[in-house]
Structures are given as C-alpha cells and as structure tokens.
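All remarks here apply to the structure that follows.
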Amino acid sequence: MDVIHKIGRRKTAVARAYVSKGKGNITINKKDLANYFTTATLQYKVKQPLVMTNNDANFDITVNVYGGGITGQAEAVRLAISRAMCELDAENRLILKPEGLLTRDPRMVERKKFGQKKARKKFQFSKR
Numbered sequence: 191m192d193v194i195h196k197i198g199r200r201k202t203a204v205a206r207a208y209v210s211k212g213k214g215n216i217t218i219n220k221k222d223l224a225n226y227f228t229t230a231t232l233q234y235k236v237k238q239p240l241v242m243t244n245n246d247a248n249f250d251i252t253v254n255v256y257g258g259g260i261t262g263q264a265e266a267v268r269l270a271i272s273r274a275m276c277e278l279d280a281e282n283r284l285i286l287k288p289e290g291l292l293t294r295d296p297r298m299v300e301r302k303k304f305g306q307k308k309a310r311k312k313f314q315f316s317k318r
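Under this note's numbering, the first residue of the sequence shown is numbered 191, with each subsequent residue one higher.
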C-alpha cells in the first residue's frame, strides 16, 4: 500500500492528510496530536473516523493543516481522514456516512456589509 493523500476543509481551514501503513502515530504540522490539539474534545474529533472503523492502530497519519481556528482545523483533519478511510475500504463508507463524517460543513462566516457595524448588526440610530 502506498501513501493515500486526501484533503478536508472546514470554514477557512484546509487539511492535507497522508495515510500510510504504520502503528497509529498521528503527526500534525510536525507535532504530535496531543501537542497540537491540546483538549480531549479536539483529539476525539480527529480520532473519530479511525476509532469507528477500528483502524486506530493500523495507520500512520501525517497532516499539514493551515488557516482558520483550532476547532475548524480539527474538523478539517477529521474530514480528510474520513475520506482516506473510505478509499482504503468501501465498507467504511457505510459506517462513516450515517454519522455525518463525510459531509463538508458548508457554513462560512458571513461577510460584513458596507454601512453596517458587522454582517447583520447595524450602527445605532440616535435621534438628536
């Protein structure tokens, strides 16, 4: 098996995952998973597709991720790993699809409009 390369996106974060045979090491931007994503919730999100498909100790994963915030990056990594698991075995798709791990979340930040304070908020109207 050669290296499988997949891309995941969330908000403005982009993750490129490289999956190869190994012992379950996950490296993100040349750091260990626990050092890059320090909270247990984010680590769970990244490992979720591996645990659900029982592949958490079978593959080494190297990820390059940039843009966005820490949560957006974690979810982008999760989508990239989920897509790689589907390419490894077509049956994994039946496990991951109902959980929503293969769906790219389309929600983005709404742009700020001119003449307004923010995207929806207006300047305060004062009657003097």
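Each residue gets a CB set at the ideal place from its N, CA and C atoms; glycine is no exception.
Values in this document were obtained by computation on a predicted structure and should not be read as measured data.
- Of the candidates K201, N225, V209 and Q263, the residue whose Cα lies closest to the Cα of C276 is V209.
- DSSP places A205 inside the beta strand (DSSP E), whose first and last residues are A203 to K211.
- Here N244 is exposed. Its C-beta has fewer than 16 other C-beta atoms within 10 Å.
- A straight line joining the alpha-carbon of T252 with that of G305 spans about 45 Å.
- Distance from the CA atom of K196 to the CA atom of K317, rounded to whole angstroms, is 56 Å.
- By the neighbour-count criterion, in which 16 or more other beta carbons inside 10 Å mark a residue as buried, Y226 falls on the buried side.
- Counting the other Cβ atoms within 10 Å of the Cβ of A247 gives fewer than 16, which makes it exposed.
- V236 counts as buried, since at least 16 other C-beta atoms from the protein chains shown sit within 10 angstroms of its C-beta.
- By the criterion of a C-beta distance shorter than 6 Å, A274 is surrounded in its chain by I194, K196, A207 and V209, once the five residues flanking it on both sides are discounted.
- Around the beta-carbon of I260, fewer than 16 other beta-carbon atoms lie within 10 Å, marking it exposed.
- Spanning the alpha carbons of R199 and A224 requires a straight line of approximately 21 Å.
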